[in-house]
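A short worksheet on the structure shown next.
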Amino acid sequence: MMTKDKNVWYEKLLAIPKPVIYIIMFFVVALPVLFKMQVSTYVTDEVQRIYDHMEQLYQYNQENPDNKKAIFIAFDYDPATMAELDPMSFATLRHAFLRGIPVIAWSGLPTGVDLGEQDMHLIAKDYGAVYGKDYVFLGYGYPFVQAIIALATDVKTFFASDKAGNDTRDLPLLKNIYNFNRIGLVFSMSGTSYPESWVTYANGLYGKMVVTGSTAVSAAKYYPFLQTNQMVGLMGGLKGAAEYEQLVERLEKELNGSDVRAYLETLYDGKDLSQYNTAYYTPEFTPEEIQLSLARRNTARQGMAPQATAHFYVIILIIIGNIAYFARMRNNKR
Amino acid sequence: MGMFLWMTIALFLTLAVFSFLFRDNVIYKFAEHLFVGTSVGYTIFVSYTNLFLPRVWNPFRRALGDGDVLLAVWLGLGIVVGFLYFSRFSQNWSWVSRYPISITVGYLTGYSIIPSLKARILSQLYGTVVDPAGDSLLNAEKIGTFFKHPTLHNFFFEAMAGPLLVFGVFVVIVYFFFSLKNNNPVVRFSRNPALIYLMVAFGASFGYTFMGRISLFIGRMNFIFHEWWPIFKNMVSG
Amino acid sequence: MKRQLPVIITFIFAVIGILLQISPIMQDRFIDPINSWIASISSFAVIIGLASLVRHHATKIRRRHKDQFFSFVTFTALVVMATVSIIGYYHPNSLWKGFADNLYRHIMVPLNATMFALLAFYISSAAYRAFRARTWLAGTLLVSGFIVMLGRVAFGPLMIFGEVTNWLMLIPNTAAMRGIMIGVGLGMVATAIKIMLGIERSYLGGGE
Amino acid sequence: MKKKILLLMGCALFFFLPFLSAQESAPAEFALHDTPNNAGEQVELTFRPLASPDEMPAFLLNISIGENPVRVRRLVNAGKLIILPLITRQAGVPVTVDVQGELPDGSLVDLGSVNVVSKGEWLNMNSMKAFILGLLFIGLIIFFVRGAKRGQELFIRKIPGLEAIDDALGRATEMGRPVFYIPGTSTMADVATLASLNILRPVARQVAKYETPFSVPVKDPIVVSVAQDVVKEAYMAAGRPDLYEDGIAYLASMGQFDYSGAVSGSMVREKPATVFLLGMFYAESLILAETANSVGAIQIAGTDASSQLPFFIAACDYTLIGEELYAASAYMSREPLLLGTLKAQDILKGILLVVFILAIILQLIGLDFFMESFLNPQW
Chain W
0 MMTKDKNVWY EKLLAIPKPV IYIIMFFVVA LPVLFKMQVS TYVTDEVQRI
50 YDHMEQLYQY NQENPDNKKA IFIAFDYDPA TMAELDPMSF ATLRHAFLRG
100 IPVIAWSGLP TGVDLGEQDM HLIAKDYGAV YGKDYVFLGY GYPFVQAIIA
150 LATDVKTFFA SDKAGNDTRD LPLLKNIYNF NRIGLVFSMS GTSYPESWVT
200 YANGLYGKMV VTGSTAVSAA KYYPFLQTNQ MVGLMGGLKG AAEYEQLVER
250 LEKELNGSDV RAYLETLYDG KDLSQYNTAY YTPEFTPEEI QLSLARRNTA
300 RQGMAPQATA HFYVIILIII GNIAYFARMR NNKR
Chain S
0 MGMFLWMTIA LFLTLAVFSF LFRDNVIYKF AEHLFVGTSV GYTIFVSYTN
50 LFLPRVWNPF RRALGDGDVL LAVWLGLGIV VGFLYFSRFS QNWSWVSRYP
100 ISITVGYLTG YSIIPSLKAR ILSQLYGTVV DPAGDSLLNA EKIGTFFKHP
150 TLHNFFFEAM AGPLLVFGVF VVIVYFFFSL KNNNPVVRFS RNPALIYLMV
200 AFGASFGYTF MGRISLFIGR MNFIFHEWWP IFKNMVSG
Chain F
0 MKRQLPVIIT FIFAVIGILL QISPIMQDRF IDPINSWIAS ISSFAVIIGL
50 ASLVRHHATK IRRRHKDQFF SFVTFTALVV MATVSIIGYY HPNSLWKGFA
100 DNLYRHIMVP LNATMFALLA FYISSAAYRA FRARTWLAGT LLVSGFIVML
150 GRVAFGPLMI FGEVTNWLML IPNTAAMRGI MIGVGLGMVA TAIKIMLGIE
200 RSYLGGGE
Chain G
0 MKKKILLLMG CALFFFLPFL SAQESAPAEF ALHDTPNNAG EQVELTFRPL
50 ASPDEMPAFL LNISIGENPV RVRRLVNAGK LIILPLITRQ AGVPVTVDVQ
100 GELPDGSLVD LGSVNVVSKG EWLNMNSMKA FILGLLFIGL IIFFVRGAKR
150 GQELFIRKIP GLEAIDDALG RATEMGRPVF YIPGTSTMAD VATLASLNIL
200 RPVARQVAKY ETPFSVPVKD PIVVSVAQDV VKEAYMAAGR PDLYEDGIAY
250 LASMGQFDYS GAVSGSMVRE KPATVFLLGM FYAESLILAE TANSVGAIQI
300 AGTDASSQLP FFIAACDYTL IGEELYAASA YMSREPLLLG TLKAQDILKG
350 ILLVVFILAI ILQLIGLDFF MESFLNPQW
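Going down the list, the protein sequences come from chains W, S, F and G.
For the first sequence, numbering that gives the first Met the number 0 gives the first residue as 0, with consecutive numbering after it.
For the second sequence, numbering that gives the first Met the number 0 gives the first residue as 0, with consecutive numbering after it.
For the third sequence, numbering that gives the first Met the number 0 gives the first residue as 0, with consecutive numbering after it.
For the fourth sequence, numbering that gives the first Met the number 0 gives the first residue as 0, with consecutive numbering after it.
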């Protein structure tokens, strides 16, 4: 072993101080976030199918205005997997509210109940959707199988009251739409195995089309269901969310104009504000809320770019470390 | 305005924690101690409202109210057993606190024996003999698939998947035999393959988790740049 | 009394635990009462922990440690958080509740999330340090970690790494983790049995 | 495979039904069973529609459970076997299901009714195999512990990483810097915590002998009190009760990340030369290991949490993998009783491996009974 010369290039590379690694890491992630760098992902087939099915539902509703069909969303996740799954719920809700498709939802996890309810009100506010008329959050769907089967007859007998405590018979939306006959698509957003149960029951028993939003980790196990068409669509991880987000944004720009800020600012001007119950949300935007709402529109896509840069950064670090290491070994042998 | 103040506090605390990456400093120390204090305070609150009240105190009062003496006595005894912990504060009586400890440890370990045997041993071994669909992992059909369509994908995902899995489980289990000498032929034979399996697995899980960890940091950056900053800008400009 | 009785109590409760596992009817009838004891014991344990924490910081203050100011910070935060939250619990429509929510949302949550986010940095410096082909074993670690990292963000022609990642997670990772799990499971059960039979007593602490 | 066959059969049924129905076969098969191995809180209805969806688009189930009013459930005829759990909440509840078929014109035909009374079982047969295995294990442990008590020599191979402990402690003494011992972040009921406390004993004894400053930050309140006892006893055994104080083992905090924040803070301030990370860890494992590395400490880690092992392997100098942690606790204490159980554990592992290999071989030649009867946890 020869004495180490600290000034040789490879010794320096082998001992990059931690703060340097950290600072570069910081910039590698912060810059894409700061400049809102967006990786425009190509839309995969399984996400495009979700969008198409929603549009078909819209077409159907246009043709049958007295017999509208709704979508059903199960918020089967809790704060731990929120970072990946919230963007999917947001995009789905946006699409539904944009197209005036009614939404019925519940959460299959006790810890997801508050989360699901808040998400719904948050997005509803962006489009002036009215609780009870355009969307309903039922609460905690438990026991799971019983709750699903209740959707086959009349969900009002299972949920006597919704999460907010309203009598479900008083909600105008549930007067017409209360079972699977009038539900076009079933969404299950989850990091657990709940989507499998939705496939077993909602698809297996009642032939409903099921769409799954899952974390990147568990997405792999759902591909077999896609092949058999038991699931008609799948959003896996941030990437899947980003793709759907992208499609919905294009639609929103088309319908509401490209200036989303102006749209939000004037949304409640000249509307009948008495139809909005302030217990759910106040029908006006503070500047802060507009900011947050704008940011919420592309959480998933903005996560993608720093995700990729961070990975490539570490890969480069590893390569540098190994090159320097081999250089040292060769030098030592000589 | 109030909202902005709170968000600024959150921003300050976020930066305080990140500053620890470079060196320990007064701001981090403040955040750290504040964190310990709030978190322990919150734990007290949660164990009072989510544990003690609904699972101990309210059932006890309800049992008293219903005149269910047996249940009330039982629940009351539970409270007394909990109280025994306070003996820790005395030098001579601290051994009394062993009673509540032995109750929890005894019950929880006893309760865990059968599920551990079922889920961690029997099910895992069973799952290494046949896959969930009931086919053998050493399925000749799948190997046949490879010979019909000799692609790399078929080789790794169909033909070799089952055998490699079975072999891996076997060598890793053998690696953890402690009472066999190192020169035992089975141990010697399986040692290197086992180490390869372990290292490949550790490397793979390390790489796989990376994405999740980065997401957390992106979340904080989003908070700073897309939640706090725009509001701040608005405040300043108007 | 000091050593024998706890061991006997442990045995009795371990047997109760096993019985509850094998008998559905007994589980149905007795699990709630037993769990109420466990709940009671764990809620009192929090007080013991609190005492230890208070003593640790009180010592610092008494010895006029240079960080004693920060121990005051901890005390204040603790008292404020606990009182405000509990008052807010009893008066859900008061200002206290709002204050408690804000404390939680703008102090606890960001601190928790940021501390967790530090892992993004630590994981990269650990990767830089550990993923070097020093020995052939470290080389295996390096190669599989490298492939999976590439595979996670793969696009276009690199998609092959995505395939390989899937395979690595599906076969070698499952095999190794399963092997570890079976061994650990046996060790866990062995320890549980040792505790039940009174062979393992370290949980009772030292002393006679 | 089985699923596919079922599917094929379903399809076949679907196509042949028009011909079959000419023979006046029942439009549906259904039965009500008590769900086995439970306390009687539910019963199951199995329902297989035989009529084609064209003839009978739906079925109505009139379910009455005990005193509850009759509920009506509508099943769309999808031609598939359906298993419907019905919640009775307790044993001894009579359940009746009247089935009606709905014809395309909306009129109803009665298809008969089934009933059952829910009942509870004293024994869960699905736990029996595990229970028997447990009894076998207890027998083995008692046998080997007896042998160990009689002074039988029990061999345990060296565990890499354990020899490092002495060097690491010596290094701390030379440098005059403290030793940190973190017994995991889980509760007393976790086996890893117990194993860690077993290793804490000899480590504390050594530390007391060397007069090295020592610190044991803990997260769980019960573990704190036990750790204090263990350290105190070790200092006594080393003949240095004068060095002991209650503050050596202390509760740093009660939450996951505030704990890791507090511990990394004290690591950076006190600059330990050696850090032990033994026990159960969650996501905080890497925070602790990397901070220890950045202050230049030797880290000796060990955990049975397979999700955290990769981080310890990557960041620490020595790592005890999974079971090695338990073995180390027996190895370090050198107590014949603990060594005996380790031996018993190896024997059982050997038996299971043999059964496993036999099951694979027999399964390959078509004898499923061996694997089903020995390895399938279901009865």
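Where is the CB? At the ideal position from N, CA and C, for every residue including glycine.
In terms of beta-carbon proximity, S:V235 stays away from the interface with chain G, with every pair separated by 8 angstroms or more.
Distance from the CA atom of S:L10 to the CA atom of G:S265, rounded to whole angstroms, is 24 angstroms.
When only Cα atoms are considered, F:M80 and F:A99 end up about 7 angstroms apart. Look at W:M36 here: in three-state DSSP terms it is coil, with no helix or strand label. By the CB criterion at 8 angstroms, W:G212 and W:E45 fall outside the cutoff. Cβ contact annotation for G:R176 (same chain, cutoff 7 angstroms, sequence separation greater than five): K270, P271 and A272, in chain order. When only Cα atoms are considered, G:L168 and W:E287 end up about 56 angstroms apart. Distance from the CA atom of S:T108 to the CA atom of S:V55, rounded to whole angstroms, is 22 angstroms. Residue-level contact by beta carbon holds for S:S214 and chain W, with a gap shorter than 8 angstroms. Note that the C-beta distance between W:G183 and W:A69 is below 8 angstroms. Just so you know, the alpha carbons of W:S160 and W:A95 end up roughly 23 angstroms apart.
The three-state secondary structure of G:P271, taken from DSSP, is coil. Between W:A323 and W:Y50 the beta-carbon gap is near 48 angstroms, outside 8 angstroms, which marks them as no contact. Here the alpha carbon of G:A291 sits roughly 51 angstroms from the alpha carbon of W:T227.
Against chain F, the CB of W:H52 has no partner CB under 8 angstroms away; the residue lies outside that interface. Sequence-ordered contacts of the stretch 141-174 of chain W with chain G read P142, V144, Q145, I148, A151 and T152 [C-beta pairs closer than 7 angstroms].
Nearest Cα to S:G81 within the set G:P26, G:I221, G:L132 and G:K342: G:I221.
With a 10 Å radius around the Cβ and a threshold of 16 neighbouring Cβ atoms, W:R93 comes out buried.
By the Cβ-count criterion, S:G64 is exposed, with fewer than 16 other Cβ atoms from all chains shown falling within 10 Å of its own Cβ. Identification of chain G residues near F:D100 by a Cβ-Cβ cut-off of 9 angstroms yields none; the smallest Cβ-Cβ distance measures about 18 angstroms. Interface annotation, G:V267: not in contact with chain F, CB-CB separation never under 8 angstroms. The alpha-carbon of G:R73 is positioned some 11 angstroms away from that of W:F179. Apart from sequence neighbours up to five positions away, the residues of its chain that approach S:E226 with a beta-carbon distance below 8 angstroms are M6, ordered along the chain. Not a single C-beta of chain F is nearer than 8 angstroms to the C-beta of W:M230.
Excluding residues up to 5 positions away in sequence, E283, I286 and L287 lie with their Cβ nearer than 7 angstroms to the Cβ of G:S259 in the same chain. Setting aside the 5 residues that flank it on each side, W:A326 is surrounded in the same chain by Y9, each with a C-beta closer than 6 angstroms to its C-beta; the list follows chain order.
Residues of the same chain with a CB within less than 6 angstroms of the CB of G:A358, apart from the 5 flanking positions on each side, are F369, M370 and L374 in chain order.
At a cut-off of 8 angstroms, the C-beta of W:K17 has a neighbouring C-beta in chain G. The beta carbon of S:Y196 does not come within 8 angstroms of any beta carbon belonging to chain G, so the residue lies off that interface. Only those residues of the stretch 75-90 of chain G whose C-beta falls short of 8 angstroms from the nearest C-beta of chain W are listed: V75, A77, K79, I81, L83, P84 and I86. W:Q306 and W:I314 have their alpha carbons spaced roughly 13 angstroms apart.
Note: G:N61 is bridge-paired with G:V71 and G:D97 in the DSSP secondary-structure output. At a cut-off of 8 angstroms, the C-beta of G:S293 has a neighbouring C-beta in chain W. The residues R131, in chain order, have a CB closer than 7 angstroms to that of F:A137 in the same chain once the five nearest residues on each side in sequence are set aside. The contact set of F:Y103 on chain G, defined by CB atoms closer than 7 angstroms, is empty, because the minimum CB distance reaches about 12 angstroms. DSSP places W:W105 outside any alpha helix (DSSP H); the residue lies instead in the beta strand (DSSP E), whose first and last residues are V102 to S106.
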